[in-house]
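Structure record follows, encoded as structure tokens.
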Amino acid sequence: MEYLKRSDSGPDCYYYSNTLQKKLSPFTDDAVALIDNGNANLCLRTTKSRFVNTTPLNISKRHAQNLLKHNKVVNFSLANPSELPVGFIAGPAYSLVFRSEFEDGSVDFVAINLKGGHHDKVCVDVLSAMWPVIREDCVQDAVKVASDAVTSALLWTISKKSDSAVLVLNASGRILHANESGTELLQQQTVLKDAGGILCCSDGNESKAFLNTLKECARDMTAGREYIIFLGVLENAGRLPVSLTRFSCAMYNEPLIVAIMPKRPEPKRVEMLAREMGLTPAEARVAALMQLGLSNREAAPIAGLKEQTFSTYSKRVLSKLNAGCRAEVANMLTWQASLGRAS
88 MEYLKRSDSG
98 PDCYYYSNTL
108 QKKLSPFTDD
118 AVALIDNGNA
128 NLCLRTTKSR
138 FVNTTPLNIS
148 KRHAQNLLKH
158 NKVVNFSLAN
168 PSELPVGFIA
178 GPAYSLVFRS
188 EFEDGSVDFV
198 AINLKGGHHD
208 KVCVDVLSAM
218 WPVIREDCVQ
228 DAVKVASDAV
238 TSALLWTISK
248 KSDSAVLVLN
258 ASGRILHANE
268 SGTELLQQQT
278 VLKDAGGILC
288 CSDGNESKAF
298 LNTLKECARD
308 MTAGREYIIF
318 LGVLENAGRL
328 PVSLTRFSCA
338 MYNEPLIVAI
348 MPKRPEPKRV
358 EMLAREMGLT
368 PAEARVAALM
378 QLGLSNREAA
388 PIAGLKEQTF
398 STYSKRVLSK
408 LNAGCRAEVA
418 NMLTWQASLG
428 RAS
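Just so we're on the same page, my numbering is the position in the sequence shown counted from 1, plus 87.
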């Protein structure tokens, strides 16, 4: 009996599923599945055509978890033509159409065209037992496509829209990804450099401290914990903060470290920001030199002040900015200026 006929000019909501094709290959080369996905059903096919999308409908990870939470079949049987949902059409003709009802009330439909082989006899029993697993694999496949798309979009945004250098590393310091600003930073070799795929400091004496901080960050399981390390800049004896944050990914066996370094702001921009934050012109000049990571002894002659006077001003800066130390001031001003707060 022909339960279902297909028209290749049917609705364009069908998606080719390589997972479905592989799972059903012992029984059929031609199948259609409708997975009850709440507001929008996930309609899959094992065959490709110009009317079938190759990218599955995007399903968020959270939605997938809810969808699969009650994945226990309470009834699996041959479907009657009157039970088929509107739009569930395909063809030339499908010899079997199954209706699978789950404990949460959702209902899937699977239409197959049998090959006529020895597997046909056990098709109903096997498919009844295997459909929850096949269904889960198909849903997870759709989730992965969505996740990959989101990741690509985020990486594009980081690459094209951020002036900050962003590097993704493993716990040993191996560079796994760098955005455009990060690649440019490595090529300049003024702060960090690529030493055979391993991230190192341009100043060899700092490399050991940097890698130790990287490993400590990788071991730290505290959610959202950020490590800040200041690294020297070769051309002007200043220092720049590098932010290190641990990122865990279920698909990767070891933690990843995201390293972010802001683009060095112009001193005038830092002074302008410091003025906007409530500092006097003299205090703002001192703050700009503190942002470079210079000591009082190094910065005082540049500011045209005695070392003791510079120290007094720096204490005022700490108090007005509510900062606990000079490094905190430098970090604050560097990031705020690089993010464009001052104009």
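Every residue, glycine too, gets a C-beta built ideally from N, C-alpha and C.
From a predicted model like this one, the values you see are computed outputs, not experimental measurements.
Grab the span of the beta strand (DSSP E) containing residue i for me, first residue to last.
i	result
M364	Note, M364: premise wrong, no beta strand (DSSP E); not H, not E.
P328	R326 to F334
D191	Neither: D191 is in no beta strand (DSSP E) and is coded neither H nor E.
What are the partner residues of residue i, as DSSP defines its beta bridges?
i	result
F196	L121 and R186
R132	Y103 and V119
A252	M348
G319	R326
I285	R261 and A282
L298	Looking at the DSSP assignment, L298 forms no beta bridge with any residue, so it has no partner.
L343	N257 and F334
Y400	DSSP, once it has assigned bridges, lists no residue as partnering Y400.
Could you spell out where the alpha helix (DSSP H) holding residue i opens and where it closes?
i	result
K110	N105 to L111
R261	Counting along the chain, R261 falls outside any alpha helix (DSSP H), and DSSP gives it neither H nor E.
R372	P368 to Q378
L272	E267 to Q275
Mapping DSSP to helix, strand and coil, what is residue i?
i	result
S215	helix
D307	coil
A390	helix
S164	strand
L405	helix
E313	strand
L381	coil
L171	coil
L201	coil
C412	coil
D290	coil
V230	helix
So, under 8 Å CB-CB, residue i and residue j are touching, yes? Tell me the CB distance rounded to an integer number of Å.
i	j	result
L286	G260	5 Å
V160	W218	7 Å
F196	A166	6 Å
T106	C225	5 Å
K407	G365	6 Å
P349	T421	5 Å
S187	F163	5 Å
R384	E370	Contact doesn't hold; Cβ gap of about 19 Å is too wide.
I431	S330	Outside the displayed span of the chain (88 to 430) sits residue 431, for which this structure offers no information.
M377	A417	6 Å
With hydrogens ignored, establish whether the beta-carbon of residue i is closer than 6 Å to any heavy atom of the ligand ADP.
i	result
D191	Among the components modelled here there is no ligand, and therefore nothing to report on the ligand ADP.
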